[in-house]
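Q:
In the working numbering, the protein residues as written are 10 to 199.
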């Protein structure tokens, strides 16, 4: 009887978080960006847009009664990181499209977290996608940056693990964006 009670308590503790909503604390770490000598003096009109399907980042737990994962204030933080990254490269951000050397649209297409139940483990997967569309004169440049992280564990994810996975994939796609030499060359006209 004690074993059954202990097993029941263990099961409740291991799945309790699956029914509790989580407010994710996504941490955006600005990657080390070296100023570009070719970017100095180049003006760009930068626009950052949220095109995610859903403001919810996903679900914690597997099954019908799973809890939502959300991130309050994500877009202002993301926008600031993108703007700061291009400024650090040496680009001058302006609001006047007509006066800009180039236009750049950075779109957050996806930031998701999902869990799937296996026989003995739970799979936790985070995905992020950013789209960059640039225009300079009559020419266009487009590139998509993706990152994914999957982890198998014995229990559902606790808040810190969710935050860590989401931060990891978002920082990875930002690093891909900031290290895209072809995008830099396009924006500067090289």
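From the three backbone atoms N, C-alpha and C, an ideal C-beta is built for every residue, glycine too.
All values reported here derive from a predicted model rather than from experimental measurement.
Check whether the stretch 110-121 and the stretch 46-54 are in contact - that is, three or more C-beta pairs closer than 8 Å.
A: Contact holds: three or more Cβ-Cβ distances are below 8 Å.
Q: For the alpha helix (DSSP H) that residue 193 lies in, which residues bound it at each end?
A: From DSSP, the alpha helix (DSSP H) with residue 193 extends over 190-197.
Q: Can you give me the C-alpha to C-alpha distance between residue 176 and residue 198, rounded to a whole angstrom?
A: So the two alpha carbons sit approximately 33 Å from each other.
Q: Where does residue 172 fall in DSSP's three states?
A: Of the three classes helix, strand and coil, the one that applies to residue 172 here is helix, per DSSP.
Q: Alpha carbon to alpha carbon, what distance is there between residue 149 and residue 35?
A: So the alpha carbons of these two residues sit roughly 32 Å apart.
Q: Since residue 95 and residue 117 should fall inside the 8 Å C-beta cutoff, what is the C-beta to C-beta distance between them, to a whole number of angstroms?
A: Not really, about 15 Å apart at Cβ, beyond 8 Å.
Q: Would you mind working out which of 91, 99, 41, 133 sits nearest residue 172, comparing C-alpha positions?
A: Out of 91, 99, 41, 133, 133 has the C-alpha closest to the C-alpha of residue 172.
Q: Is the beta carbon of residue 39 closer than 8 Å to that of residue 93?
A: Result yes, Cβ atoms of residue 93 and residue 39 sit closer than 8 Å.
Q: Could you tell me the distance, in whole angstroms, from the CA atom of residue 98 to the CA atom of residue 135?
A: Roughly 28 Å separates the two Cα atoms.
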